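Here the structure comes first, spelled out in structure tokens, and everything after it is commentary.
There are 2 protein chains.
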Amino acid sequence: MKWIYIEDVAGHKDQDIEVRGWVYNKRSSGKVRFLLVRDGTGIIQATIFSAEKENPLFLTFDSLTQESSVIVRGHVREDKRAPGGHELTIHEIEVLQVAQDYPITLKEHSTPFLMEHRHLWLRSQKQHAVLRVRAEVIKAIRDFFDGRGFRLMDTPILTPSACEGTTTLFETEYFGQKAYLTQSGQLYNEATAAAFGKVYCFGPTFRAEKSKTRRHLIEFWMVEPEVAFATLEDITELGEDLIVFIIGRVLEKRKDDLDVLERDIDRLSVIRKPFPRLTYDEAVPKLKEKGSAIEWGDDFGAPEETIISEIYPTPVCVTHFPAKIKAFYMQPDAVRPDLVLGVDFLASEGYGEIIGGGQRIHDLALLERRIRENDLPREAYEWYLDLRKYGSFPHSGFGLGVERTVAWICGIKHIRETIPFPRLLYRIYP
Amino acid sequence: MKWIYIEDVAGHKDQDIEVRGWVYNKRSSGKVRFLLVRDGTGIIQATIFSAEKENPLFLTFDSLTQESSVIVRGHVREDKRAPGGHELTIHEIEVLQVAQDYPITLKEHSTPFLMEHRHLWLRSQKQHAVLRVRAEVIKAIRDFFDGRGFRLMDTPILTPSACEGTTTLFETEYFGQKAYLTQSGQLYNEATAAAFGKVYCFGPTFRAEKSKTRRHLIEFWMVEPEVAFATLEDITELGEDLIVFIIGRVLEKRKDDLDVLERDIDRLSVIRKPFPRLTYDEAVPKLKEKGSAIEWGDDFGAPEETIISEIYPTPVCVTHFPAKIKAFYMQPDAVRPDLVLGVDFLASEGYGEIIGGGQRIHDLALLERRIRENDLPREAYEWYLDLRKYGSFPHSGFGLGVERTVAWICGIKHIRETIPFPRLLYRIYP
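From first to last, the protein sequence lines are chains F and P.
Heads up: the first sequence begins at 267 in the numbering used here, then just goes up one per residue.
Heads up: the second sequence begins at 267 in the numbering used here, then just goes up one per residue.
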């Protein structure tokens, strides 16, 4: 008999098939037994109908517990009342294992308990929905860049030097020298952009930050495009296009999952470009007006990001930050050199920063000065300086955090549910 | 004037456009000057024609050196003799930077020199071709799995325990405890497979091996599918389909790059499924016949892989290895429990192993015994054992190494050129 995935059952109407999966739930009603079987691609209602109580299928049915593994063979019947529109009339149940005392029951569990059982929690419907959205977001991102002629250039995880300071770096021994886990592929992207014009890297990044907020992961995935000869405005538009594309794709493909998550879809479908633009200078008085204690020159914290991102129905682009709160490689504004040509995208509904980027310094002397001013070890940046010696070029790029984007799209409070095995402060198990 | 990428120039015949890039080469011929400009998407021949020697464009032309950054404005003309079929008649050259003493000239350089200048070496034509093939291979892999209903489930890089022994692990401090860089996402895949049925992870993996061979990288990318309820035979067929799909895609999309690399394309186009199958028992006498000193029970080394992979015109699948040379989680053969249901795919032309995989143990008691026998810390594997307690299921999967696959497809000798910034024994710069 043919093994069919539940998502494909509709194509096998009136046929005998086999489904392999796990018991999601079951119930009895007089002479009928309903077995809900999940196989990872969907859930199907499988039924046994018998007038005899001693029907062997009833005995098997009775033995089954939540998450027991089974192979169910039966006949596919269309039934508009059944979830998914099709039902399986059971002919045979092959029990692979009866699960004993499955820890995650239908009652409420505490978050620490669920996190400790993340390997099982993944089987639940809400986690399913979030992680399917995640997979779709990642595919959308790759399709977006591949479709626009960007070349994927994987940047290294193990790096010899710090990109933005050493305090939040994971260190490891690399055959007798020190190496660090990457915080960003950007510096390497600048080299590949000189070779390929339009590039992106997309991989895990690491921040050894002692932050325990709902927006921080120790290990998270980031996509970073870099475009040779692009300005701040060019990559701001690229960021807008990317976000609009991702939202469109998720609404097209994963609406069912958003429904499971009870996401207010109207909040997503209003998102159109252009997004509102706000300079840092303009943002500060708005923040003060809303009660923030920020002073000009301070970086935004989570509260400031939240305030701004609650003002607008779409993401908002904040630009032209004070140079001293941004990374050493950011290009100064031509008119106001105390400001840099950086942009942060703050997601709507208080979700905060999802994109950070800007234009990079392309003048060799200025970059050398910045490296000195920031007390960075010049020898580690020799290759990076080479990019300003051999055909230097204006260029810009950004990084988009996958997990924050998924949390926002799904409308979930905590970023920890947006990755299969979150790494948090003091949590590295399972 | 409109900024156009060179790959799109053909669509702008008889128009005035702007190209932004770097000087690849130049030559003079009487009253004509030829400037070859690359922008990362292609190379275009831009020409200046003038009867006057003092033409200011000639003076600019004379000042330009290899890798100088320029914006060239001009008129697109069709010219069948020009590389790419189109030429640019130059109206204006805006010089951004004249590069001084670009280190990589057209003469031959030593490999250590090129590796030290990897950030610039990436601009050369051969590296371009290899890395474009790499990007295509990665896209093909993702399209293959996405198209077959596999769900992308990123597995963690930072892990609390060793998957296959601790001697080749990179260690780091994780907020007061030890963490290790992943060598494989497989164990986590087994958890996500129970949740989603068909999954894959695709990310960087790390081996702190003191190997200095042409087949080893310290940091490499691996795709790992895992399929619930699949047998060794199922995933062997999946591996065949994947390889055939990748080869087909590269031949369709990147033939030009293979030509640059002078790849014998016939060696790739003959690859069809099914691939030859060979048990370990059958392989050993063949190896001895070809001069290997292998004895039954020994693992294959690079020489053994090379011998086998030179026998067949397509990749070959070796199965049923002695249990003691394979990982603790491998399912024993039902008839010969000293063998395990594992499969290695050896690429043709002596390229060696590109896929390793097999069926996993699903019996709780047996897995517990294997963990004891291998002196592994049970507490680190509690969550992994849970997968055998709560609805255990037969399942299989494999890992395909991206860089080895790219090296084979490109027909290049050393794996170090298949990733933008290779990490090798004692090499972590740039």
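Positions of the beta carbon are idealized from the N, C-alpha and C atoms, including for glycine.
Keep in mind the model is a prediction, meaning the values are calculated, not measured.
Cross-chain neighbours of residue i in chain F, by beta carbon under 7 angstroms
i, result
"G657/P", "W288, E333, S334, S335, Q363, A365"
"H278/P", "Per Cβ cutoff of 7 angstroms: no residues; H278/P is ~15 angstroms from chain F at best."
"A221/P", "With chain P running from 267 to 696 in the structure shown, residue 221/P is simply not present."
"F436/P", "T438"
Residue i: contacting residues in chain P (beta-carbon distance under 7 angstroms)
i, result
"D412/F", "K405"
"E358/F", "Neighbours of E358/F on chain P: none; closest Cβ ~16 angstroms, over 7 angstroms."
"R408/F", "R408"
"A312/F", "Chain P residues near A312/F: none, gap ~16 angstroms exceeds 7 angstroms."
"A600/F", "Within 7 angstroms Cβ-Cβ: nothing; A600/F doesn't reach chain P, min ~16 angstroms."
For residue i, three-class secondary structure by DSSP
i, result
"L666/F", "strand"
"L330/P", "coil"
"W387/F", "helix"
"R626/P", "strand"
"L524/F", "helix"
"R304/P", "strand"
"R481/P", "coil"
"Q452/P", "helix"
"W562/P", "coil"
"A589/P", "helix"
"P355/F", "According to the sequence displayed, residue 355/F carries Thr and not Pro. Strand at T355/F."
"K679/F", "coil"
"E374/F", "coil"
"I314/P", "strand"
"D641/F", "coil"
"F410/F", "helix"
"T438/F", "strand"
"P322/P", "helix"
"Y650/F", "helix"
"P569/F", "helix"
"D610/P", "strand"
"M419/F", "coil"
"V238/F", "This structure cannot speak to residue 238/F, because chain F is shown only from 267 to 696."
"Y466/F", "strand"
Integer Cβ distance of residue i from residue j, believed to fall under 8 angstroms
i, j, result
"T433/F", "Y446/F", "So it is not a contact: roughly 11 angstroms between Cβ atoms."
"R408/P", "R408/F", "7 angstroms"
"E571/F", "L612/F", "5 angstroms"
"G451/P", "E490/P", "5 angstroms"
"H661/F", "E492/F", "6 angstroms"
"S349/P", "D420/F", "Ser is not the amino acid found at residue 349/P; the sequence shown has Pro there. Wrong, their Cβ atoms sit about 29 angstroms apart, outside the cutoff."
"I681/F", "R480/F", "6 angstroms"
"L362/F", "S329/F", "Contact flag wrong, Cβ pair sits at about 12 angstroms."
Contacts of residue i in chain F (Cβ-Cβ under 8 angstroms)
i, result
"A589/P", "The contacting residues do not exist; A589/P stays about 23 angstroms from chain F at best."
"R644/P", "Ordered by position in chain F, no residue passes the 8 angstroms Cβ test against R644/P, which lies about 14 angstroms from the chain."
"H394/P", "A461, F462"
"L691/P", "F441"
Interface partners of residue i on chain F, CB under 9 angstroms
i, result
"I694/P", "P422, L424, T425, P426, Y440, F441, Q443, A445"
"W674/P", "Within 9 angstroms Cβ-Cβ: nothing; W674/P doesn't reach chain F, min ~18 angstroms."
9 angstroms Cβ cut-off: residues of chain P touching residue i
i, result
"G415/F", "Y271, E273, D274, T307"
"I685/F", "D420, P422"
"D652/F", "P369, H383, H385, L386, P696"
"W562/F", "Under the 9 angstroms cutoff, chain P gives no residues; its nearest Cβ is about 34 angstroms from W562/F."
"L372/F", "Ordered by position in chain P, no residue passes the 9 angstroms Cβ test against L372/F, which lies about 15 angstroms from the chain."
Cross-chain neighbours of residue i in chain P, by beta carbon under 8 angstroms
i, result
"E485/F", "P422, I423, L424"
"L633/F", "Correct list: empty, because the minimum Cβ distance to chain P is about 13 angstroms."
Short CB-CB distance (under 8 angstroms) between residue i and chain B
i, result
"R339/P", "You won't find chain B in this structure, because its protein chains are F and P."
- Query: Which of the residues in the segment 463 to 474 of chain P, read from start to end, lie with their CB under 9 angstroms from any CB of chain F?
  - Reply: G463, K464, V465, C467, G469, P470, F472, A474
- the segment 277 to 288 of chain P touching the segment 298 to 307 of chain P, judged by at least three CB pairs closer than 8 angstroms: yes
- Task: Compile a chain-ordered list of the residues in the segment 295 to 306 of chain P whose CB is closer than 7 angstroms to at least one CB of chain F.
- Result: D305, G306
- Does the segment 342 to 358 of chain F come close enough to the segment 662 to 673 of chain P that 3 or more CB-CB pairs lie under 8 angstroms? no
- Are the segment 369 to 381 of chain P and the segment 389 to 406 of chain F touching, with three or more C-beta to C-beta distances below 8 angstroms? no
- Message: Can you pull out the residues from the segment 451 to 462 of chain P whose beta carbon lies closer than 8 angstroms to at least one beta carbon of chain F?
- Response: Y454, A457, T458, A459, A460, A461, F462
- Quick check: the segment 638 to 651 of chain F against the segment 354 to 367 of chain F, are there 3 or more CB pairs under 8 angstroms? no
- Query: Between the segment 489 to 501 of chain F and chain P, which residues of the former have CB atoms less than 9 angstroms from a CB of the latter, in chain order?
  - Reply: A494, F495
- Pair every Cβ in the segment 508 to 526 of chain P with every Cβ in the segment 684 to 692 of chain P, then say whether three or more of these pairs are closer than 8 angstroms. no
- Message: Three or more C-beta pairs under 8 angstroms: does that hold for the segment 579 to 593 of chain P against the segment 603 to 611 of chain P?
- Response: yes
- Message: For the segment 669 to 683 of chain P against the segment 636 to 643 of chain P, do three or more pairs of beta-carbon atoms, one drawn from each stretch, fall closer than 8 angstroms, so that the two count as touching?
- Response: no
- Query: Using a beta-carbon distance cut-off of less than 7 angstroms, what residues from the segment 608 to 625 of chain P approach chain F?
  - Reply: none
- Message: Along the segment 508 to 530 of chain F, where does the CB come closer than 8 angstroms to a CB of chain P? Name the residues.
- Response: none
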